[in-house]
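>
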Amino acid sequence: MSIATLLIVIFVVGYLSITLEHNLKLDKAVPALLMGTLMWAVLAFGFNEGWLSIVDHYGDVYNLTSGEEEEQLYGFKRNLIYHFSAAAEILFFLIGAMTIVEIIDLHRGFAIIKNMITHKNKRRLLWAMGILAFVLSAIIDNLTATIILVTLLRKILVKRSYRIWFAGMIIIAANAGGAWSPIGDVTTTMLWIGGKVTAVGLSEYLILPSLVCFVVPFFIAGYLKPFRGKAIRKELIADVEAHRLLSSKKMLWTGLAAIAFVPIFKGITGLPPYLGMMFSLGVVWMVSEYVKPEKNLPRNQKHVYSTHKALSKIEFSSILFFLGILLAVGVLESVVWGSINGEEVGALRYAAESISVAIPNMDVVVLLLGALSALIDNVPMVAATMGMYTYEIDHPIWHFIAYSAGTGGSLLVIGSAAGVAAMGMEKIDFIWYLKKIAWLALVGFLAGAGVFIIIEKFFYA
Numbered sequence: 001m002s003i004a005t006l007l008i009v010i011f012v013v014g015y016l017s018i019t020l021e022h023n024l025k026l027d028k029a030v031p032a033l034l035m036g037t038l039m040w041a042v043l044a045f046g047f048n049e050g051w052l053s054i055v056d057h058y059g060d061v062y063n064l065t066s067g068e069e070e071e072q073l074y075g076f077k078r079n080l081i082y083h084f085s086a087a088a089e090i091l092f093f094l095i096g097a098m099t100i101v102e103i104i105d106l107h108r109g110f111a112i113i114k115n116m117i118t119h120k121n122k123r124r125l126l127w128a129m130g131i132l133a134f135v136l137s138a139i140i141d142n143l144t145a146t147i148i149l150v151t152l153l154r155k156i157l158v159k160r161s162y163r164i165w166f167a168g169m170i171i172i173a174a175n176a177g178g179a180w181s182p183i184g185d186v187t188t189t190m191l192w193i194g195g196k197v198t199a200v201g202l203s204e205y206l207i208l209p210s211l212v213c214f215v216v217p218f219f220i221a222g223y224l225k226p227f228r229g230k231a232i233r234k235e236l237i238a239d240v241e242a243h244r245l246l247s248s249k250k251m252l253w254t255g256l257a258a259i260a261f262v263p264i265f266k267g268i269t270g271l272p273p274y275l276g277m278m279f280s281l282g283v284v285w286m287v288s289e290y291v292k293p294e295k296n297l298p299r300n301q302k303h304v305y306s307t308h309k310a311l312s313k314i315e316f317s318s319i320l321f322f323l324g325i326l327l328a329v330g331v332l333e334s335v336v337w338g339s340i341n342g343e344e345v346g347a348l349r350y351a352a353e354s355i356s357v358a359i360p361n362m363d364v365v366v367l368l369l370g371a372l373s374a375l376i377d378n379v380p381m382v383a384a385t386m387g388m389y390t391y392e393i394d395h396p397i398w399h400f401i402a403y404s405a406g407t408g409g410s411l412l413v414i415g416s417a418a419g420v421a422a423m424g425m426e427k428i429d430f431i432w433y434l435k436k437i438a439w440l441a442l443v444g445f446l447a448g449a450g451v452f453i454i455i456e457k458f459f460y461a
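Going by UniProt numbering, the first residue of the sequence shown is number 1, and it counts up by one from there.
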């Protein structure tokens, strides 16, 4: 077995371990980190022995047998630094966004949103929750929006048999809302930071398809039995967590405005998005230090609302998972697998060319990738496409990839972070979701895709 083939084997085994995390009872960050680091170790061993070549993001090829050793080793090291720094940009962006959301939550800012939901009619409640999920996910991200709204559902609806229907529809709305925003989903953030799309271009292309993906299944669901009649509501007043603090309103609007300011910061300065997110975090952190959550808060209780506590609540296992995935994909992008038109290319680029030969229509390819994201994590899939294709920034294919990877995850309850969160919170059965919700998600996914293709062919040709 060649070293290049061994790298593919490690990636496949690691990928399978990630998708089977529930069966293995192992946090997916573990196989991701082992996979990413082991692949770089094997790549370095093969390179140092002169058994393989690597190609960097400029297209320069390095091999110890084809030039001065010191220069070739430096090229390898520089390539590693590039991939690690590219991953770090995404990770620091996510850390900043997650911290701001946790600060808002500590000050019970989301209680303001929760207390706005007063509908007793199930159909109106469905639309209210859907609109909130669609809008919130575009601002704070689809996972956080889902967690907030499912928590709200548990405080509103008595019967779980109805709650899971609402939770299933929230997954569809949250994933649709996250697909058109550069900060609404990890995959759109990756494409934005990776220089594949701009914030304005992504929103311009995807706002309408994403809206259709959300509206169509909700319109159909409104006529189904679970969403008819009045909801049997719980009493919200008894919920201590729903009570606002003196700082709730201030921190909610400060936090949301700070996150929304990140694309503006990039547009004004031209600096990478993670710097804008760090600036926004600094502003929110500063404000949180001076606001008073309670009238006479004892000094020894101030830590309850501190940013240090918000930082302790971040799921760093998710951050490490992304690191492992991005490092592994960096190896596949770097290892020379073959040549195209006389030019040596990495494994991902070679795979892209092979797929294009087998399926000439890229729209079909991207739709299949979207459907596949319901079975396997969309983060490595999008990371792989970023290394496979060389389309210019804001090319329609990048926008279609963002749409398909983001909304395709709704087809199965395990297909997105939002779905997994709702599944865990409400114990949603996989088969139940497949029978009751998946067909609605599919209708929305295809409807939105159809709108995107029409826009692409007739308005942006």
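Virtual Cβ for every residue (Gly too), placed ideally from N, Cα, C.
1) Is it the case that the Cβ atoms of PRO209 and PHE459 are separated by a distance below 7 Å?
2) Going by beta-carbon coordinates alone, are LYS159 and GLY229 separated by less than 7 Å?
3) With distances taken Cα to Cα, identify the nearest neighbour of ALA29 among PRO293, SER318 and GLY222.
4) Which first and last residues belong to the alpha helix (DSSP H) in which GLY222 is found?
5) Nearest to ASN361 by CA position, among VAL331, PHE400 and ALA374, is which residue?
6) Relative to the alpha-carbon of ILE393, which residue among GLY50, LEU64 and LYS196 has its alpha-carbon at the smallest distance?
7) Return the Cβ separation of VAL216 and VAL443 in integer angstroms, given the expectation that the two are a contact with Cβ distance under 8 Å.
8) When you compare each of LEU16, ILE156 and HIS308 to GLY282 by their alpha carbons, which one comes out closest?
9) The beta strand (DSSP E) that contains SER339, what's its start and end?
10) Using the beta-carbon count (16 or more within 10 Å), is ARG299 buried or exposed?
11) Which of the three DSSP states is assigned to GLU344 in this structure?
12) Here's the rule I'm using: 16 or more other beta-carbon atoms within 10 Å means buried, otherwise exposed. How should MET286 be labelled?
13) Beta-carbon within less than 8 Å of ALA138's beta-carbon, same chain only, minus the 5 sequence neighbours each way: which residues are those?
14) Measuring alpha carbon to alpha carbon, tell me which of ASP105, LEU202 and MET381 ends up nearest TYR15.
15) If we call anything under 7 Å between Cβ atoms a contact, is ALA383 one with GLY36?
16) Can you look up TYR62 in the DSSP assignment and give me helix, strand or coil?
17) If you count every other CB in all the chains shown that lies within 10 Å of the CB of VAL61, and 16 or more means buried, which is it?
18) Between which two residues does the alpha helix (DSSP H) containing ARG124 stretch?
19) Whose CA, out of LEU271, PRO293, PHE279 and MET169, lies closest to the CA of LEU440?
20) Is it buried or exposed for LYS435, if we count other Cβ within 10 angstroms and need 16 for buried?
21) On the premise that ALA167 lies in contact with LEU153, defined as a C-beta separation below 8 Å, what is that separation, rounded to the nearest angstrom?
22) By DSSP's criteria, ALA55 is part of a beta bridge. Which residues make up the other side?
23) Would you say LEU64 and ILE3 are within 7 Å of each other, going by their C-beta atoms?
24) Tell whether a beta-carbon distance below 7 Å holds between GLU150 and ALA418.
25) Given a cut-off of 7 Å, decide if PRO226 and TYR290 are closer than it, judged by their beta-carbon atoms.
26) Would you please state the rounded distance, in angstroms, between the beta carbons of PHE76 and PHE45? I believe it to be under 8 Å.
27) Three or more C-beta pairs closer than 8 Å, one from the stretch 328–341 and one from the stretch 81–88: is that the case here?
28) Who are the Cβ neighbours of PRO273 in its own chain at under 7 Å, not counting the five residues just before and after it?
29) Pop quiz: THR146 and ALA174 are said to be a contact at Cβ under 8 Å. What is the actual Cβ separation, rounded to whole angstroms?
30) Using a Cβ-Cβ cut-off of 8 Å (strictly less than) and excluding sequence neighbours within five positions of ILE340, which residues of its own chain qualify?
31) Between PRO396 and HIS107, is the Cβ-Cβ spacing less than 7 Å?
32) Can you tell me the Cβ-Cβ gap for VAL405 and THR187, rounded? I've got them flagged as a contact below 8 Å.
33) By DSSP, does PHE459 sit in helix, in strand, or in coil?
34) Would SER334 and GLY346 be called neighbours here (beta carbons separated by less than 7 Å)?
35) By DSSP, does ILE325 sit in helix, in strand, or in coil?
36) Let's see if you can read the secondary structure: which residues bound the alpha helix (DSSP H) around ARG78?
Concretely, from the data shown:
1) Sequence index remark: in the sequence shown, residue 209 carries index 209 (1-based). Sequence index remark: in the sequence shown, residue 459 carries index 459 (1-based). Cβ atoms of PRO209 and PHE459: not closer than 7 Å.
2) As a position in the sequence shown, residue 159 is number 159, starting the count at 1. As a position in the sequence shown, residue 229 is number 229, starting the count at 1. No, the pair does not count as a contact, with Cβ atoms beyond the cut-off.
3) The residue labelled residue 29 in the question sits at position 29 within the sequence shown. Cα-wise, what sits closest to ALA29 is SER318.
4) Against the sequence shown, residue 222 aligns to sequence position 222. Segment: none, GLY222 is in no alpha helix (DSSP H) and carries neither H nor E.
5) For the purposes of this step, residue 361 is taken as residue 361 along the sequence shown, with counting starting at 1. Among VAL331, PHE400 and ALA374, the Cα nearest to that of ASN361 is on PHE400.
6) To locate residue 393, count along the sequence shown from 1; it is residue 393. Taking only the C-alpha atoms, the option nearest ILE393 is LYS196.
7) Along the sequence shown, read from residue 1 onward, the residue named residue 216 stands at position 216. Along the sequence shown, read from residue 1 onward, the residue named residue 443 stands at position 443. 6 Å between Cβ atoms; contact.
8) Locating residue 282 in the sequence shown gives position 282, where the first residue counts as 1. Of LEU16, ILE156 and HIS308, the residue nearest in Cα terms is HIS308.
9) Position 339 of the sequence shown, counting from 1, holds the residue named residue 339. First-last of the beta strand (DSSP E) with SER339: 336–340.
10) For the purposes of this step, residue 299 is identified with residue 299 of the sequence shown, where counting begins at 1. It counts as exposed.
11) Taking the sequence shown and counting its residues from 1, one reaches residue 344 at position 344. Of the three classes helix, strand and coil, the one that applies to GLU344 here is strand, per DSSP.
12) Residue numbering aside, residue 286 sits at position 286 when the sequence shown is read from its first letter. Exposed.
13) As a working note, residue 138 is residue 138 in the sequence shown. Closer than 8 Å at the Cβ level, and outside the excluded window around ALA138, lie GLY177, GLY178, TRP180, SER181, ILE183 and GLY184.
14) Your numbering for residue 15 matches position 15 in the sequence shown. Minimum Cα distance to TYR15 is reached at MET381.
15) As a first step, residue 383 must be located in the sequence shown, where it is residue number 383. As a first step, residue 36 must be located in the sequence shown, where it is residue number 36. Result no, Cβ atoms of ALA383 and GLY36 do not sit closer than 7 Å.
16) As a first step, residue 62 is located in the sequence shown; it is residue number 62 there, counting from the start. Strand.
17) By 1-based counting over the sequence shown, the position of residue 61 is 61. Buried.
18) On the sequence shown, residue 124 is found 124 positions in, with the first residue counted as 1. First-last of the alpha helix (DSSP H) with ARG124: 122–140.
19) To locate residue 440, count along the sequence shown from 1; it is residue 440. Out of LEU271, PRO293, PHE279 and MET169, MET169 has the C-alpha closest to the C-alpha of LEU440.
20) Mapped onto the sequence shown, residue 435 falls at position 435. So LYS435 ends up on the exposed side.
21) Working through the sequence shown from its first residue, we reach residue 153 at position 153. Working through the sequence shown from its first residue, we reach residue 167 at position 167. About 6 Å; that satisfies the 8 Å criterion.
22) Here residue 55 refers to the residue found at position 55 of the sequence shown. It should be pointed out that residue 55 corresponds to Val in this sequence rather than to Ala. DSSP output for VAL55 lists VAL61 as bridge partner(s).
23) Numbered from 1 along the sequence shown, position 64 holds the residue referred to as residue 64. Numbered from 1 along the sequence shown, position 3 holds the residue referred to as residue 3. It is not a contact, given that the beta carbons lie outside the stated cut-off.
24) Indexing the sequence shown from 1 puts residue 150 at position 150. Indexing the sequence shown from 1 puts residue 418 at position 418. It should be noted that the sequence gives Val, not Glu, for residue 150. No, the pair does not count as a contact, with Cβ atoms beyond the cut-off.
25) Position 290 of the sequence shown, counting from 1, holds the residue named residue 290. Position 226 of the sequence shown, counting from 1, holds the residue named residue 226. Contact: no.
26) Your numbering for residue 76 matches position 76 in the sequence shown. Your numbering for residue 45 matches position 45 in the sequence shown. No, PHE76 and PHE45 are not in contact; Cβ-Cβ is about 12 Å, not under 8 Å.
27) yes
28) Here the question's residue 273 lines up with position 273 in the sequence shown. Only PHE93, TRP192, ILE193, VAL262 and LYS266 meet the Cβ criterion.
29) Residue 146 sits at position 146 when you count from the first residue of the sequence shown. Residue 174 sits at position 174 when you count from the first residue of the sequence shown. Indeed they touch by this definition, with Cβ atoms about 5 Å apart.
30) As a first step, residue 340 is located in the sequence shown; it is residue number 340 there, counting from the start. The residues are ARG349, TYR350 and GLU353.
31) As a first step, residue 396 must be located in the sequence shown, where it is residue number 396. As a first step, residue 107 must be located in the sequence shown, where it is residue number 107. Taking 7 Å as the Cβ cut-off, PRO396 and HIS107 do not qualify as a contacting pair.
32) For the purposes of this step, residue 405 is taken as the residue at position 405 of the sequence shown. For the purposes of this step, residue 187 is taken as the residue at position 187 of the sequence shown. For the record, residue 405 in the displayed sequence is Ala; it is not Val. Going by Cβ atoms, the distance from ALA405 to THR187 rounds to 5 Å, so yes, they are a contact pair.
33) Reading the sequence shown from its first residue, position 459 is the one you call residue 459. If DSSP states are grouped into helix, strand and coil, PHE459 belongs with coil.
34) To locate residue 334, count along the sequence shown from 1; it is residue 334. To locate residue 346, count along the sequence shown from 1; it is residue 346. Yes, they are a contact pair.
35) Within the sequence shown, the letter at position 325 stands for residue 325. Helix.
36) Numbered from 1 along the sequence shown, position 78 holds the residue referred to as residue 78. That run of the alpha helix (DSSP H) goes 69–106.
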